[in-house]
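S.K.: The sequence shown begins at 1 in the UniProt record's numbering and counts up by one.
For glycine and all other residues, C-beta sits at the position ideal for the given N, C-alpha and C.
Here's a structure for you.
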Amino acid sequence: MADEGGPSVAARDDLAGVVDLFEWLTRAELSRALSELAFKQRTEVDEAAIDAAIDLAVDEYTLVPAPDEALAGDRSPAGDDAEGAIEDETPLAVGPAAFPTLPDGAADLPHILDVPDRSVDREALADAVLERLRREAVTAIDEGDAARLETLADVTYDVEAWAPVDVDPVRTRILAEVDA
């Protein structure tokens, strides 16, 4: 869960809505899109807050890192700063815990950003998310991280509703630890 001062669930769903407009975005492209929205809304851009919101959205499976095999479309960076200023090219897609919403002005982003047509292979993405969930569950169990296990238990229900993958073995293991 977010800290009291952290990004809200609505803010994470807004991030998912922006990503959903394009099917997938690199982390840097998403950051640029959020900066463009802030400019459009005449608010200040807080790069640290943008990074924190993206980190939290990934941590809570609102956005998920997408493997190359799940991506279709050009991966070349969008926008004027493509010559090297973009430091993070991690592709992100909408994850199982998202309820994508569009923030004010987001409908104009496809006209502002120069992002090529893209698509996501949902089956390959679902397999990657399930594998990540398994790894994170093992890590949380090994570290005795009860709070993370609670979050991951919730995510198992989201994944199950989001994709046709069998999360029951992972959920059973997580709940056995939570209930121990």
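By DSSP, does P65 sit in helix, in strand, or in coil?
M.R.: Reduced to three states, the DSSP call for P65 is strand.
S.K.: How long is the line joining the alpha carbons of G105 and R32, rounded to whole angstroms?
M.R.: Whole-angstrom Cα-Cα distance: 14 Å.
S.K.: Out of L34, P164, A126, which has the shortest C-alpha to C-alpha gap to P103?
M.R.: Comparing Cα positions, the closest option is L34.
S.K.: Please report the residue range of the beta strand (DSSP E) in which L152 lies.
M.R.: Segment 146-162 is the alpha helix (DSSP H) holding L152; no beta strand (DSSP E) there.
S.K.: Which term fits S171, buried or exposed, when burial requires 16 or more other beta carbons within 10 angstroms of its beta carbon?
M.R.: According to the sequence as given, residue 171 is Arg; it is not Ser. When all chains shown are included, R171 counts as buried.
S.K.: Would DSSP call P110 helix, strand or coil?
M.R.: In the structure shown, P110 sits in a helix (DSSP, three-state: H, G or I).
S.K.: In the DSSP assignment, find the alpha helix (DSSP H) that holds V138 and state where it starts and stops.
M.R.: Run containing V138: 122-143, per the alpha helix (DSSP H) assignment.
S.K.: Hey, is the stretch 156-167 in contact with the stretch 119-139, meaning 3+ C-beta pairs nearer than 8 Å?
M.R.: Counting Cβ pairs under 8 Å, three or more are found: they touch.
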